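Inspection log for the structure reproduced underneath, given as structure tokens.
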Amino acid sequence: MKKYIRILSLLTALLMTGSALVSCAGEKEPSSEEIQNEPVTADPSEDSSAPETEESEETRPRHALDLDAIDFGGDELHSIAPNWQGYKYYFFADEANGNAMNDAVYSRRIKTEDALNIVIINTFEADLGAVVSTAKANVLSGDTTYDLVFNHCIQGNASLVSQGYLYNLDLLPYIDMKADWWNRTQMDALRLGKNTYFAVNDMMLPCPAVILFNKELIRDNQLDNPYDLVYEGRWTLDSMGDLARAVTMDYNGDGVMDINDQYGLAADGWGSSCYINFMTGAGQFITSRTDEGRVRLDFNTEKTQSIFELFAGLATENVIYAPPSNDEDVILRLETGRVLFQILFLDKVETLRDCEVDFGILTYPKFDEQQKDYINLDWGGLLAVPRIISDPALIGAAMELLAWESGNEVIPAFYDLVLAGKLARDEDSARMLDIIFDTIAYEVGGNYFGFDTGVNDLFYSLPRLAVNRKSSDFSSLYKKLEKPSVKDIELFYKNLDRIEEKDG
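Residue numbering for the sequence shown follows this note's numbering, beginning at 8 and increasing consecutively.
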């Protein structure tokens, strides 16, 4: 696989699917149900053992920008972003400092600035909500300071779209959304109306959650190798649960299961969002699509109930360690040697570089062996353009070139140097990263409604109800939250329809 070139938009010549994806040109479009709930899938015939052909800047497809004819006279391109997650490390750089990732990001910026004769300036906001409030305030006042808005994966996305604060990206000049460095299918995944408001391209590096496993506990207990289970298609929720049960024990023999004992599964904090990935990994999303392509609440299923019963059972059996708070001294971590599986966001794996425990990285499991593909939920941010802008041509050209340039240095640095080279401790973990990035998907219901009153409690119900409260009574929770959740979605569409009808 040419892993350097694609992370989110792999194999665009094939039928690509994802959480609300559409087919490529010339292919039959999938049904609305398929569009909602399937992952991006790599070519199963691809031989991962075959030598890779690395594409350089000279050999990979080139953008269609006529740079000799484009000159913006030193104008500035301003972006705003929260000081959060990958934005802090992988998106912006003011100078070269010898770090491969930083220098690749800086090189992308300088090449784009020089090619277009522009100056790129980013402003970080410490508070997630400040990005949304600033973007809204600027649109309302006609202030065109910011050209790009790098937002959180959930915070404010629904209101930005449905209340008319974002620009229709389909109208920007210079952007070639059919090019490899754009993921038209994933942008359609995030499109709930007629227009495209969020950009998914090679600049938008994903941030999935991953499962780390303690190899020493696997060996000491003579258990099935999780890597083999993944490769054989047998890495499922049940097989993970069986392994987790096998190692759980009252480690100090005091008759009380607490932080001093050994567990099969632990998270990187109380109520961890990473538990949600078990739902999406099993192909269970908050919403599905109607025949008209609109999202609807579709979470009260037999599969959801089955997953709740599994995790509530594991919690009741003390197989899962659920910390009472997010305080560091009550969180049980892999480096203690007393956790088999730890779930956390990939960017946090870097903190374990000096960990003495021999560990590996895993994709999230499938629901069962009949499920075709592994699915890994992306928690990375979303990129948009404010509705009121002064120079669409500058913004379009800059977005196109930044996306294209990302494939030259940034993606290789991100994948090989930061991930496969530094975080992955063995060849199998590097292959797991291939699988994870080849099967990235969005949870559209979460991206838009994850912080809304009703949907929020459903979205986070697995960690809150099954894990922390050890309850499998999902049906009662759903009965309570169904009406407010449906209302949130209906209100969104009411507002969006009004905005898009007004725009024509």
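Just so it is clear, CB atoms sit at the ideal spot from N, CA and C, and this is done for glycine as well. As the structure is a computational prediction, the values presented were derived from the model and not from experiment.
Distance, residue j Cα to residue i Cα
i, j, result
"Leu341", "Leu351", "11 Å"
"Ile125", "Glu102", "16 Å"
"Ala274", "Ala111", "32 Å"
"Glu497", "Gly200", "13 Å"
"Ala251", "Ala322", "11 Å"
"His85", "Gly271", "47 Å"
"Leu389", "Asn259", "46 Å"
"Ser295", "Ala216", "22 Å"
"Gly80", "Glu309", "60 Å"
"Lys509", "Lys501", "13 Å"
"Asp445", "Ser169", "31 Å"
"Lys185", "Asn104", "35 Å"
"Phe348", "Gln229", "16 Å"
"Asp336", "Thr358", "16 Å"
"Phe366", "Tyr234", "12 Å"
"Ile77", "Leu123", "6 Å"
"Leu503", "Asp134", "26 Å"
"Asp121", "Asp82", "12 Å"
"Ile128", "Leu304", "40 Å"
"Arg115", "Arg471", "42 Å"
"Leu384", "Asp261", "39 Å"
"Tyr449", "Ile266", "34 Å"
Residue i (DSSP reduced to helix, strand or coil)
i, result
"Gly271", "strand"
"Asp245", "helix"
"Trp91", "coil"
"Pro68", "coil"
"Thr130", "strand"
"Leu114", "The displayed chain sequence assigns Ser, not Leu, to residue 114. It is helical."
"Leu197", "coil"
"Pro215", "strand"
"Ala76", "helix"
"Ser52", "Any reading at Ser52 needs caution, since the residue's pLDDT is 39, under 50, leaving its predicted position unreliable; the model's value is listed next. Ser52 falls in the coil class under three-state DSSP."
"Ile442", "helix"
"Asn124", "coil"
"Ser292", "Rather than Ser, the amino acid found at residue 292 in this sequence is Phe. The answer is coil: DSSP assigns Phe292 none of H, G, I, E or B."
"Ile161", "coil"
"Phe285", "helix"
"Arg303", "strand"
"Asp459", "coil"
"Leu538", "The chain is shown only over 8 to 511; residue 538 falls outside these bounds and no answer can be derived."
"Phe466", "helix"
"Glu508", "helix"
"Met256", "strand"
"Ser169", "helix"
Where residue i falls, given that 16 or more other Cβ within 10 Å makes a residue buried
i, result
"Pro58", "Confidence in Pro58 is poor, its pLDDT being 40 and thus under 50, which makes the residue's placement unreliable; the coordinate value appears in the next sentence. With fewer than 16 Cβ atoms within 10 Å of its Cβ, Pro58 is classed as exposed."
"Gly453", "buried"
"Gln291", "buried"
"Pro180", "exposed"
"Thr297", "exposed"
"Leu339", "buried"
"Glu299", "exposed"
"Leu523", "There is no way to answer for residue 523, as the model of the chain reaches only from 8 to 511."
"Glu239", "exposed"
"Asp361", "exposed"
Close-in-space but distant-in-sequence residues of the same chain around residue i (CB under 6 Å, 5 per side omitted)
i, result
"Thr203", "Leu176, Asp177, Met194"
"Gln377", "none"
"Thr255", "Tyr270, Gly271, Val326"
"Thr460", "Pro491"
"Trp188", "Asn208, Asp209, Ala410, Trp411, Gly414"
"Met247", "Pro372"
"Asn475", "Ala329"
Neighbourhood of residue i by C-beta, 7 Å cutoff - its chain only, sequence neighbours within 5 removed
i, result
"Phe421", "Tyr97, Met108, Leu212"
"Val364", "Asn221, Glu223, Leu341, Glu342, Gly344"
"Pro257", "According to the sequence displayed, residue 257 carries Asp and not Pro. Here the set comprises Met264, Asp268."
"Glu40", "Since pLDDT at Glu40 reaches only 38, below the 50 mark, its modelled position is unreliable, and the value read off the structure follows with that caveat. Ser295, Arg296."
"Val462", "Ile293, Gly452, Phe456, Ser492, Asp495"
"Phe458", "Ile161, Gln162"
"Tyr174", "Val392, Pro393, Arg394, Ile396"
"Ser478", "Ala319, Leu472"
Close Cβ partners of residue i (< 8 Å) along its chain, the five nearest in sequence each way excluded
i, result
"Tyr153", "His85, Ser86, Ile87, Thr130, Thr141, Ala142, Asn145, Pro393"
"Phe285", "Leu244, Ile314, Phe318, Tyr371, Pro372, Leu469"
"Tyr172", "Ala142, Lys143, Val146, Ser166, Pro393, Arg394"
"Asp183", "His70, Ala71, Trp189, Glu407"
"Pro68", "Ala186, Asp187"
"Met94", "What sits at residue 94 in the sequence shown is Tyr, not Met. For Tyr94, where only same-chain residues beyond five positions count, the Cβ hits under 8 Å are Ala88, Phe131, Phe157, Gly388."
"Gly136", "Gln162, Gly163"
Exercise for review: Jot down the residue ranges of each uninterrupted alpha helix (DSSP H) in the segment 475-499, minimum 4 residues, whole runs only, in chain order.
Suggested key: none
Check your understanding: Taking the runs of the beta strand (DSSP E) that are 3 residues or longer, which of them lie wholly in the segment 352-399?
Key -> 366-369, 389-391
Practice item. Give, in chain order, every unbroken run of the alpha helix (DSSP H) that is at least 4 residues long and sits entirely within the segment 398-422. Key: 399-412
Check your understanding: Which ranges does the alpha helix (DSSP H) cover as unbroken runs of at least 4 residues, wholly within the segment 305-361, from first to last along the chain?
Key -> 309-323
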